[in-house]
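One structure below.
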Amino acid sequence: MIEVLKLLTTLQQIDHELAMLNFKNQEIPKKIEGMKLTINSVRDDLEKGKQQLQEFKKQYKLAELEQKSVDEKIVQYSVQLYQAKTNEQYKAFLKEIDAQKAAKVKIEDQMIENMEQSEAIEKKIQMLAKELAEVESETQSKISVLEQEAKEILQAIKTRQEERRRIVENLSKDIIGVYERIKKGKGGLALAIIEDERCTGCLNPIPPQIVLEIKKGERLYFCDYCGRILACPTT
Ligand SMILES: [Zn+2]
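So the number in the working numbering is just where the residue sits in the sequence shown, counting from 1, plus 61.
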């Protein structure tokens, strides 16, 4: 039984390592996914900025057309002003010209505002494009490191599984069954070492007589309190 306890101790160590490796292995795709989300968010902002800029440019072109049409109207009314036959007609054309001039000022103000906004968006686009390039290259190298890590973890898992298989081969089905059952019920730890006459699984005392029995190695002993398989540090 001393040999069995030794094998079970190693098996427990391997199972613990496998649990850690599997956890790490599951975390890597999540980390990569998170990084991709960051890239996508910067990319979306950049795309939005480009669309906004296009919209401003379109509005500017429309304002230019409007400006041209107002200019034409001013010329038209000015010609008509000279041809006015009555004082009322003259006043009416003058009023029209003033109205068109006021409209022109308004359009030009909008055009200036539009240009300022376009410039601000262009700056934002440049900034976002730079940020995107940086985030992409940074993320790419981080992803490469994580992918390499994932490969190493998979290799380590394979090695541990092989070691585990060899240990299991050397244990009886009954003992493996007991080990697996306690492991499942006790959150991973099926075997507890006795230290200072206490079970390290639950910290309850173990009679010295039991320690001696375990050292004799005639059969398996279990902790009366937590039910784990007991082993001595020397076994
Ligand atoms: Zn215990």
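Backbone N, C-alpha and C define an ideal beta-carbon position, used for all residues, glycine too.
**Message:** Under DSSP, the alpha helix (DSSP H) around residue 180 begins and ends at which residues?
**Reply:** As a first step, residue 180 is located in the sequence shown; it is residue number 119 there, counting from the start. Judged by DSSP secondary structure, residue 180 falls within the alpha helix (DSSP H) whose first and last residues are 148-230.
**Request:** Can you tell me which of the three DSSP states residue 264 falls into?
**Result:** Taking the first residue of the sequence shown as 1, we reach residue 264 at position 203. Note: residue 264 maps to coil in three-state DSSP.
**Asked** Considering only C-alpha positions, which residue in the set 167, 180 and 166 is nearest to residue 2?
**Response** Lying before the first or after the last residue shown, residue 2 is absent from the chain, which here runs from 62 to 296.
**Asked** Taking the alpha-carbon positions, what's the residue 259 to residue 239 distance?
**Response** For the purposes of this step, residue 259 is taken as the residue at position 198 of the sequence shown. For the purposes of this step, residue 239 is taken as the residue at position 178 of the sequence shown. Each residue's Cα considered, the two are about 22 Å apart.
**Message:** Using C-beta distances below 7 Å, list every residue in its chain close to residue 141, excluding the 5 sequence neighbours before and after it, in chain order.
**Reply:** Here residue 141 refers to the residue found at position 80 when the sequence shown is read from its first residue. Within the same chain, residue 141 has close Cβ partners 154.
**Request:** Please confirm whether residue 79 and residue 221 have their CB atoms less than 8 Å apart.
**Result:** As a working note, residue 79 is residue 18 in the sequence shown. As a working note, residue 221 is residue 160 in the sequence shown. Between residue 79 and residue 221, the gap from beta carbon to beta carbon is short of 8 Å.
**Message:** Can you give me the C-alpha to C-alpha distance between residue 257 and residue 84, rounded to a whole angstrom?
**Reply:** Taking the first residue of the sequence shown as position 1, residue 257 is located at position 196. Taking the first residue of the sequence shown as position 1, residue 84 is located at position 23. Rounded to whole angstroms, the separation of the alpha carbons of residue 84 and residue 257 is 33 Å.
**Item:** Proximity test, residue 86 beta-carbon vs ligand 1 heavy atom, cut-off 7 Å
**Value:** Counting from one through the sequence shown, the residue named residue 86 turns up at place 25. Checking the Cβ of residue 86 against ligand 1 gives no.
**Request:** Return the chain-ordered list of same chain residues with a C-beta closer than 6 Å to the C-beta of residue 127, the five sequence neighbours on each side being excluded.
**Result:** If you number the sequence shown from 1, residue 127 lands on position 66. Listed in chain order, the non-local C-beta contacts of residue 127 below 6 Å within the same chain comprise 168, local neighbours out to five positions each way being set aside.
**Request:** Counting only runs of 4+ residues fully inside the region 268-292, write out the alpha helix (DSSP H) ranges in chain order.
**Result:** Taken in chain order, the unbroken stretches of alpha helix (DSSP H) that lie wholly in the region 268-292 and span 4 residues or more are 269-277.
**Prompt:** Going by other Cβ atoms of all chains shown within 10 Å of its Cβ, with 16 needed for buried, is residue 187 buried or exposed?
**Reply:** One-based indexing of the sequence shown puts residue 187 at position 126. In this structure residue 187 is exposed. Its beta-carbon is surrounded by fewer than 16 other beta-carbon atoms within 10 angstroms.
**Asked** Within the structure, which residues are defined as neighbours of ligand 1 by a Cβ-heavy atom distance below 7 Å, reported in chain order?
**Response** That gives 253, 260, 262, 263, 265, 284, 286, 287 and 289.
**Prompt:** Given a threshold of 16 other Cβ atoms within 10 Å of its Cβ, counted over all protein chains shown, does residue 163 qualify as buried or as exposed?
**Reply:** Position 102 of the sequence shown, counting from 1, holds the residue named residue 163. Exposure of residue 163 is indicated by the presence of fewer than 16 other C-beta atoms within 10 angstroms of its C-beta.
**Request:** Assign residue 250 to one of three DSSP states: helix, strand, or coil.
**Result:** Here residue 250 is taken as the residue at index 189 of the sequence shown, counted from 1. DSSP, read as helix, strand or coil, puts residue 250 in coil.
**Message:** If contact is defined by three or more beta carbon pairs under 8 Å, each pair taking one atom from either stretch, is the region 183-203 in contact with the region 96-109?
**Reply:** Three or more beta-carbon pairs separated by less than 8 Å link the region 96-109 to the region 183-203, which places the two stretches in contact.
**Item:** Neighbourhood of residue 246 by C-beta, 8 Å cutoff - its chain only, sequence neighbours within 5 removed
**Value:** As a first step, residue 246 is located in the sequence shown; it is residue number 185 there, counting from the start. Within the same chain, 288 come within 8 Å of residue 246 by CB-CB distance, once the 5 residues on both sides are set aside.
**Asked** Going by C-alpha distance, which of 121, 182 and 270 is nearest residue 171?
**Response** Taking the first residue of the sequence shown as position 1, residue 171 is located at position 110. The residue with the shortest Cα to Cα distance from residue 171 is 121.
**Message:** Assess contact between the region 226-245 and the region 259-277, defined as three or more Cβ pairs (one per stretch) separated by less than 8 Å. Is contact present?
**Reply:** Contact annotation: the region 226-245 does not touch the region 259-277, with fewer than three C-beta pairs closer than 8 Å.
**Prompt:** Contact check, residue 282 vs residue 275 under 8 Å by CB: the rounded distance?
**Reply:** To locate residue 282, count along the sequence shown from 1; it is residue 221. To locate residue 275, count along the sequence shown from 1; it is residue 214. At roughly 5 Å, the Cβ-Cβ gap stays under 8 Å, so residue 282 and residue 275 are in contact.
**Prompt:** If you draw a straight line from the alpha carbon of residue 294 to that of residue 269, how long is it in whole angstroms?
**Reply:** Mapped onto the sequence shown, residue 294 falls at position 233. Mapped onto the sequence shown, residue 269 falls at position 208. Taking the straight line joining both Cα atoms gives about 14 Å.
**Item:** Enclosing alpha helix (DSSP H) for residue 124 [first to last residue]
**Value:** To locate residue 124, count along the sequence shown from 1; it is residue 63. First-last of the alpha helix (DSSP H) with residue 124: 63-143.
**Message:** Which of the three DSSP states is assigned to residue 241 in this structure?
**Reply:** Counted from its first residue, the sequence shown places residue 241 at position 180. Correct three-state label for residue 241: helix.
**Message:** Determine whether the beta carbon atoms of residue 161 and residue 135 lie at a separation below 8 Å.
**Reply:** Your numbering for residue 161 matches position 100 in the sequence shown. Your numbering for residue 135 matches position 74 in the sequence shown. Result yes, Cβ atoms of residue 161 and residue 135 sit closer than 8 Å.
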